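See structure below.
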């Protein structure tokens, strides 16, 4: 059985071979990823490109709020360039960078946002509407939605691992006071 680092290395090798470049809807440029975002792992290049084409591109300056805690979410985002920070009750929970996603749970239903997200630097995002995504998946083989759902679970698992590490670090700091 592979350990986590072997699994990560294998995933990275797969992603290195999966570099993609798509035409942007908003400008005459391309949005490119050296590595396929985790949310699209195990998609064929063709399906990944079609999915990415659904996204609306937004270029946002630093220190702008992208989503606000407690608002109803209907969209999810992939970071194409730049970085964002995730905040709750004045506490910085995470920094997300190119290829990371936020708001990924909207695929299951519209929901209240559990945190706010702000840009840290000039940031390019692809914004995906839940209803547009559901229409896309309804026109694909059923296994494509299954793969996507597994990818969402993997994104959530990785976020949980990072959260657990942070809780343990804070617990250690409290014990060492």
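Residue numbers (our numbering): 101 to 277.
By construction, the Cβ of each residue, glycine as well, lies at the ideal position given by its N, Cα and C atoms.
This one's a predicted model, so the numbers in the text were calculated from it and none came from an experiment.
When the five nearest sequence neighbours on each side are left out, the beta carbons in the same chain lying within less than 7 Å of the beta carbon of residue 203 are those of 167, 173, 175, 176, 177, in order along the chain. Membership of residue 249 in the alpha helix (DSSP H) is indicated by the continuous run 242-275. DSSP links residue 214 through a beta bridge to no other residue. For residue 221, the secondary structure class from DSSP, reduced to helix, strand or coil, is coil. CA-to-CA, the gap between residue 135 and residue 241 works out to about 24 Å. Rounded to whole angstroms, the separation of the alpha carbons of residue 228 and residue 161 is 19 Å. Cβ atoms of residue 219 and residue 190 stay farther apart than 8 Å, at about 17 Å. The DSSP-derived three-state label of residue 136 is coil. Leaving aside the five residues that flank residue 273 on each side, none in its chain has a CB nearer than 8 Å to its CB.
About 19 Å separates the beta carbons of residue 171 and residue 226, which is beyond the 8 Å limit, so they are not a contact pair.
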